[in-house]
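>
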Amino acid sequence: MLKVIDSAVPVACWSCSIGHNDFTLFCPHCSKIQPPPGGDYFSVFGLEPRLNLDLAALEHEFHRLSRKLHPDRFARAQENEREWSLADTALLNDAYRTLKEPLRRTEYLLKLLGAEIGSDAGTEQGGHDKKDLSRVPADLLEEVFELNMQLEEMRMARKLGETDPELQVSLERAKRKFDVLLSEVDQDLRSQWQVWDEGDAAVRKTAQKLMVALLDRRRYLSNLVRDVTETLGA
Ligand SMILES: [Zn+2]
Numbered sequence: 001m002l003k004v005i006d007s008a009v010p011v012a013c014w015s016c017s018i019g020h021n022d023f024t025l026f027c028p029h030c031s032k033i034q035p036p037p038g039g040d041y042f043s044v045f046g047l048e049p050r051l052n053l054d055l056a057a058l059e060h061e062f063h064r065l066s067r068k069l070h071p072d073r074f075a076r077a078q079e080n081e082r083e084w085s086l087a088d089t090a091l092l093n094d095a096y097r098t099l100k101e102p103l104r105r106t107e108y109l110l111k112l113l114g115a116e117i118g119s120d121a122g123t124e125q126g127g128h129d130k131k132d133l134s135r136v137p138a139d140l141l142e143e144v145f146e147l148n149m150q151l152e153e154m155r156m157a158r159k160l161g162e163t164d165p166e167l168q169v170s171l172e173r174a175k176r177k178f179d180v181l182l183s184e185v186d187q188d189l190r191s192q193w194q195v196w197d198e199g200d201a202a203v204r205k206t207a208q209k210l211m212v213a214l215l216d217r218r219r220y221l222s223n224l225v226r227d228v229t230e231t232l233g234a
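Residue numbers (this note's numbering): 1 to 234.
1. For the beta strand (DSSP E) that contains G19, what are its first and last residues?
2. List the DSSP bridge partners of F145.
3. Using beta-carbon positions only, say whether D54 and G38 come within less than 7 Å of one another.
4. Closer than 6 Å: is that where the CB of S15 sits relative to any heavy atom of ligand 1?
5. Classify T206: buried if its beta carbon has 16 or more other beta carbons within 10 angstroms, exposed otherwise.
6. Tell me the DSSP secondary structure of A90 in three-state form.
7. For a quick check, are the C-beta atoms of L182 and L214 less than 7 Å apart?
8. In whole angstroms, give me the CA-to-CA distance for R219 and P10.
9. Shorter than 6 Å, the distance from the beta carbon of K177 to the closest heavy atom of ligand 1, or not?
10. With 16 as the cutoff for other CB atoms within 10 Å, does P49 come out buried or exposed?
11. Quick check on V169: buried or exposed, where buried means 16 or more other Cβ atoms within 10 Å of its Cβ?
12. Can you tell which of G46, Q194 and G199 has its C-alpha closest to the C-alpha of N52?
13. Whole angstroms are fine: how far does the CA of Q78 sit from the CA of G19?
14. Where does F26 sit, in a helix, a strand or coil, going by DSSP?
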């Protein structure tokens, strides 16, 4: 379980023995490298959890910390410090990769707050279980049903070496429509970032629920678009 925000645990620096919170990669008192801290990815960069991030500042801080952690700088340090420079670098890289990408960042924050995301989607079913209509967003039920029949028809036609221009056009139209729906989801997500960043606890809770639902919808739509693209390109 990831640690939640505000639970700064004071630890004593191994080198100078002065206490500091366990979020930091370097002791604020003696500047010595510390073992991988126990905070979340945001705290690695000294940030409060937020969904709108200044990406230029994040990148700048990433490079600054990467340089400070570079193993070459620890070539003559104690073995502990050499190991920590590697472990801290790995942590920093994971944190940066996660936070710089908007969807990963959103999923990460929601998971940090205890949300379960995509537990029944993607990997387990391989995203290919098109017969499972229980997960279809209610407003898309009819279209998805229709789309799946057309996809089936198209695959059959391909198998028989036939072409069906009308079906092709219809599938291309469906793909465009789902692409539009996807970009609408992205816009909705972005506005929820704002709401979450600025909201109090109750507002944030509501925004979190909405974002979990939006991410589910997004995953579903991406799978559809991928299926159509694959079938059209086959
Ligand atoms: Zn220290």
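Note that CB positions come from ideal geometry on N, CA and C, so glycine has one too.
By the coordinates alone:
1. As a position in the sequence shown, residue 19 is number 19, starting the count at 1. Its beta strand (DSSP E) spans residues G19 to N21.
2. By one-based count along the sequence shown, residue 145 stands at place 145. According to DSSP, F145 bridges with nothing at all.
3. Counting from 1 along the sequence shown, the entry for residue 54 is found at position 54. Counting from 1 along the sequence shown, the entry for residue 38 is found at position 38. Not in contact: D54 and G38 (Cβ atoms no closer than 7 Å).
4. By 1-based counting over the sequence shown, the position of residue 15 is 15. Yes, since a heavy atom of ligand 1 falls inside the 6 Å radius drawn around the Cβ of S15.
5. Numbered from 1 along the sequence shown, position 206 holds the residue referred to as residue 206. Exposed, by the Cβ-count rule.
6. Counting from 1 along the sequence shown, the entry for residue 90 is found at position 90. Helix, per DSSP.
7. Numbered from its first residue, the sequence shown carries residue 182 at position 182. Numbered from its first residue, the sequence shown carries residue 214 at position 214. No; because the gap between Cβ atoms is not below 7 Å, this pair is not in contact.
8. Here residue 219 refers to the residue found at position 219 of the sequence shown. Here residue 10 refers to the residue found at position 10 of the sequence shown. About 40 Å.
9. As a position in the sequence shown, residue 177 is number 177, starting the count at 1. Incorrect: K177 has no Cβ contact closer than 6 Å to ligand 1.
10. Within the sequence shown, residue 49 is the residue found at index 49, counting from 1. P49 comes out buried.
11. As a first step, residue 169 is located in the sequence shown; it is residue number 169 there, counting from the start. So V169 counts as exposed.
12. Looking up residue 52 in the sequence shown gives position 52. Residue Q194 is the option with its Cα nearest to N52.
13. Along the sequence shown, read from residue 1 onward, the residue named residue 19 stands at position 19. Along the sequence shown, read from residue 1 onward, the residue named residue 78 stands at position 78. Near 21 Å, if we compare the C-alpha coordinates of Q78 and G19.
14. By 1-based counting over the sequence shown, the position of residue 26 is 26. Strand, per DSSP.
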